[in-house]
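Visitor: Sequence positions in the sequence shown follow our numbering and run 18 to 399.
Sending over a structure as structure tokens; questions will come in a sec.
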Amino acid sequence: MIEDNFVVAEERGNAGLITLNRPKALNALSLSMVRDITAALLKWRDQADIQLVAIRGMGKAADGSFQPFGSFCAGGDIRFFHQAALAGDPALEDFFTEEYSLNHLIHTYPKPYIALMDGICMGGGMGISGHLAKNSVRIVTERTKMAMPETNIGLFPDVGGGYFLSRCANSQPGVGEYLALTGHMLHAPEAVSLGLADVQVSSDQLAALWESLGKQANADRNALLKTITINSVAPRADSMPASSTFLSKIGDSFNHPTALAITQALEARSDDWAKETAATLRKRSPLMLEVTLQLIRRARSMSLADDLRLERDLVRHCFHTKHLQRSGASSETVEGIRALAVDKDHSPKWNPEKLEDITLEMIAPFFASPWPVEAHPLRSLA
């Protein structure tokens with residue numbers, strides 16, 4: 018299916034089917050892709066003969082050829098973020114406004130929305146997976162690699178990450194904080210047990226499942242999930258590895274008031290997991306760790322619409338940190354992307370360098386909206 022279009026939308030029977038068709042970039046989302054997905058969903062929302070929607074990604078086979086499935090979506094196109102920020106390109110602002118609007122559209126979609134999250138599903142890929150949407154069916158496989166790794170580039174878990182991470186594992190204290198701060202990668206059993214996926218199937222069943230979607234006699238979300246579960250070989254959720262002991266350990270460590278306190282608590286322990294986790298946190302942007310922690314804590318009591326508005330405020334501040342006189346190349350996010358994806362030296366120069374140097378005065382302005390309520394770019398979300 019390698020065509021010029023990075024998003025292929027087609028109708029089969031009573032199903033609207035979307036294929037992310039940018040496998041060379043692991044289906045990273047561009048502004049045009051966000052717009053194409055949005056247009057398809059809006060069209061099908063009001064089309065009576067389309068009763069369900071599904072989305073998948075193109076991937077690579079072992080021989081290097083391209084094939085359906087194998088990679089869902091690696092997130093937003095961070096190289097574009099870097100270039101646009103340096104050039105002052107207004108398309109960067111448009112991207113986040115329209116991406117977050119798409120996330121909200123999926124969350125409120127009135128028809129079943131099936132996400133086949135095979136392979137990499139990270140960042141923006143999580144945002145188009147329908148997390149905590151009443152009509153979503155989130156399918157993972159043995160190849161799924163799921164994460165919200167934004168702190169690795171000096172950003173925060175966006176696309177509604179504040180909302181759905183704060184509520185995973187039934188909102189058990191510390192779990193959302195752990196996933197948000199560390200960017201820990203989940204495999205399918207963990208994703209299901211933490212409530213970030215609904216069912217695991219074998220990847221060799223995906224093609225048949227995809228072909229069957231347009232023939233579903235009952236397009237009710239629960240009926241679809243039941244059918245998929247019956248036909249799968251998924252382990253049951255109660256057999257999965259997110260044990261109460263491990264979750265309790267996370268809760269004990271990640272329930273402190275600041276990222277500094279969390280890191281110091283981990284460093285005071287002697288077990289390998291605590292030491293490795295503390296070392297991971299010490300590599301992340303100290304500033305964005307504290308911002309991320311506050312996002313998760315605030316979003317836990319917010320609606321998705323309010324969380325997305327807050328995240329839109331935060332992402333503007335990330336690229337234009339006026340209260341710290343930083344923007345463009347000097348912003349924490351642009352520096353993080355440079356180190357990971359542009360120069361690839363994996364040695365970001367964070368500012369400040371240490372968690373111990375972060376003050377409340379550095380964090381608080383991130384949570385002040387740069388727009389009046391009536392002019393907020395996401396003011397229409399409800």
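Idealized CB from N, CA, C, for every residue including glycine.
Measuring CA to CA, which of G141, S88, A208, K371 is closest to Q457?
Guide: Since the first and last residues shown for the chain are 18 and 399, residue 457 lies out of range.
Visitor: Assign D288 to one of two classes, buried (16 or more other C-beta atoms within 10 Å of its C-beta) or exposed (fewer than that).
Guide: Within the sequence shown, the letter at position 271 stands for residue 288. Answer is exposed; the Cβ neighbour count stays below 16.
Visitor: For the alpha helix (DSSP H) holding S261, just list the boundary residues, first then last.
Guide: Counting from one through the sequence shown, the residue named residue 261 turns up at place 244. It spans 261 to 271 - the alpha helix (DSSP H) in which S261 sits, taken as one unbroken run.
Visitor: Going by DSSP in three states, S347 sits in which element: helix, strand or coil?
Guide: Position 330 of the sequence shown, counted from the first residue, corresponds to residue 347. Three-state result, S347: helix.
Visitor: Give the straight-line distance between the Cα atoms of A208 and I72, rounded to the nearest whole angstrom.
Guide: What you label residue 208 is simply residue 191 of the sequence shown in a count that begins at 1. What you label residue 72 is simply residue 55 of the sequence shown in a count that begins at 1. Rounded to whole angstroms, A208 to I72 spans 18 Å at the Cα level.
Visitor: For the candidate residues S318, M319, P365, A57, whose alpha-carbon lies nearest to that of R301?
Guide: Position 284 of the sequence shown, counted from the first residue, corresponds to residue 301. For the residues S318, M319, P365, A57, the minimum Cα distance to R301 belongs to P365.
Visitor: Between which two residues does the alpha helix (DSSP H) carrying C185 extend?
Guide: Counted from its first residue, the sequence shown places residue 185 at position 168. Here the alpha helix (DSSP H) through C185 covers 178 to 188.
Visitor: Identify every residue that forms a DSSP beta bridge with L203.
Guide: Numbered from 1 along the sequence shown, position 186 holds the residue referred to as residue 203. Paired residue(s): M163.
Visitor: Among F23, I123, G136, which one has its Cα closest to the Cα of A78?
Guide: Here residue 78 refers to the residue found at position 61 of the sequence shown. Taking only the C-alpha atoms, the option nearest A78 is G136.
Visitor: Would you mind sorting I390 into buried or exposed? The rule is 16 or more other CB atoms within 10 Å of its CB.
Guide: Taking the sequence shown and counting its residues from 1, the one referred to as residue 390 is at position 373. In the sequence as presented, Ile is not what sits at residue 390; that position holds Val. Flag for V390 reads exposed.
Visitor: Give the single residue among D175, V176, F173, E194 whose Cα lies nearest to the Cα of S183.
Guide: For the purposes of this step, residue 183 is taken as the residue at position 166 of the sequence shown. The residue with the shortest Cα to Cα distance from S183 is E194.
Visitor: What's the gap between the Cα of S210 and the Cα of T262?
Guide: The residue given as residue 210 occupies position 193 in the sequence shown. The residue given as residue 262 occupies position 245 in the sequence shown. Approximately 14 Å, taken between the alpha carbons.
Visitor: Apply the 10 Å Cβ neighbour rule to N38 and answer buried if 16 or more other Cβ atoms are within range, or exposed otherwise.
Guide: Against the sequence shown, residue 38 aligns to sequence position 21. Buried, because 16 or more other Cβ atoms sit within 10 Å of the Cβ of N38.
Visitor: Within 10 angstroms of its Cβ, does S146 collect 16 or more other Cβ (buried), or is it exposed?
Guide: Taking the sequence shown and counting its residues from 1, the one referred to as residue 146 is at position 129. The residue in question, S146, is buried, as its Cβ has 16 or more Cβ neighbours within 10 Å.
Visitor: Could you give the residue range of the alpha helix (DSSP H) that holds Y117?
Guide: Numbered from 1 along the sequence shown, position 100 holds the residue referred to as residue 117. 108 to 124 is the span of the alpha helix (DSSP H), which, as asked, contains Y117.
Visitor: Compare the Cα-Cα distances from V176 to each of D106, M139, L43 and report the closest residue.
Guide: On the sequence shown, position 159 is the one that residue 176 refers to. When only C-alpha atoms are compared, the closest one is M139.
Visitor: What does the alpha-carbon distance come out to for the pair D53 and G191?
Guide: Stepping through the sequence shown from its first residue, residue 53 is reached at position 36. Stepping through the sequence shown from its first residue, residue 191 is reached at position 174. Roughly 37 Å between the two C-alpha positions.
Visitor: How is A26 classed by DSSP in three states: helix, strand or coil?
Guide: As a first step, residue 26 must be located in the sequence shown, where it is residue number 9. Three-state result, A26: strand.
Visitor: Reducing DSSP to helix, strand and coil, say where T36 ends up.
Guide: Position 19 of the sequence shown, counted from the start, is the residue given in the question as residue 36. Three-state DSSP puts T36 in a strand.
Visitor: Using a Cβ-Cβ cut-off of 6 Å (strictly less than) and excluding sequence neighbours within five positions of R286, which residues of its own chain qualify?
Guide: On the sequence shown, position 269 is the one that residue 286 refers to. Cβ within range, chain order: n/a, list empty.
Visitor: Taking the beta carbon of S188 as the centre, do at least 16 other beta carbons fall within 10 Å, making it buried, or is it exposed?
Guide: Position 171 of the sequence shown, counted from the start, is the residue given in the question as residue 188. With fewer than 16 other Cβ atoms within 10 Å, it is exposed.
Visitor: Go ahead and label S318 buried or exposed: buried means 16 or more other beta carbons lie within 10 angstroms of its beta carbon, across all protein chains shown.
Guide: On the sequence shown, position 301 is the one that residue 318 refers to. Exposed is the call here.
Visitor: Would you grab the beta carbon distance between G92 and E116 for me? Rounded to a whole angstrom, and I think it's under 8 Å.
Guide: Along the sequence shown, one-based indexing puts residue 92 at 75. Along the sequence shown, one-based indexing puts residue 116 at 99. At roughly 10 Å, the Cβ-Cβ gap does not stay under 8 Å, so G92 and E116 are not in contact.
Visitor: Near N152, which residues of its chain fall below 8 Å by C-beta distance, leaving aside the five closest residues on each side in sequence?
Guide: Within the sequence shown, residue 152 is the residue found at index 135, counting from 1. Around N152: Y126, P127, K128, P129, Y130, R238.
Visitor: Just to confirm the assignment, what range does the alpha helix (DSSP H) spanning I313 have?
Guide: Counted from its first residue, the sequence shown places residue 313 at position 296. Per DSSP, I313 belongs to the alpha helix (DSSP H) from 303 to 316.
Visitor: In whole angstroms, give me the CA-to-CA distance for I313 and E159.
Guide: If you number the sequence shown from 1, residue 313 lands on position 296. If you number the sequence shown from 1, residue 159 lands on position 142. I313 and E159: Cα-Cα distance of roughly 28 Å.
Visitor: Determine the closest residue to E27 out of I67, S47, V51, with distance taken between C-alpha atoms.
Guide: The sequence position of residue 27 within the sequence shown is 10, counting from 1. Checking every option, the nearest Cα to that of E27 belongs to I67.
Visitor: What separation, rounded to the nearest whole angstrom, lies between the Cα atoms of F86 and Q100?
Guide: Along the sequence shown, one-based indexing puts residue 86 at 69. Along the sequence shown, one-based indexing puts residue 100 at 83. Going from the Cα of F86 to the Cα of Q100 covers about 29 Å.
Visitor: Under the rule that 16 or more other beta-carbon atoms within 10 Å means buried, what is L59, buried or exposed?
Guide: Here residue 59 is taken as the residue at index 42 of the sequence shown, counted from 1. Counting Cβ neighbours within 10 Å, L59 comes out exposed, since fewer than 16 surround it.
Visitor: Under 8 Å by Cβ, that's how I've got F113 and N44 pegged, so tell me the actual separation to the nearest angstrom.
Guide: Position 96 of the sequence shown, counted from the start, is the residue given in the question as residue 113. Position 27 of the sequence shown, counted from the start, is the residue given in the question as residue 44. Rounded, the Cβ-Cβ distance is 18 Å, inconsistent with contact.
Visitor: By alpha-carbon positions, which one of G353, W367, N368 ends up nearest to K361?
Guide: Residue 361 sits at position 344 when you count from the first residue of the sequence shown. For K361, the nearest C-alpha among the options comes from G353.
Visitor: What separation, rounded to the nearest whole angstrom, lies between the Cα atoms of N120 and G141?
Guide: Along the sequence shown, one-based indexing puts residue 120 at 103. Along the sequence shown, one-based indexing puts residue 141 at 124. Spanning the two alpha carbons is a distance of roughly 9 Å.
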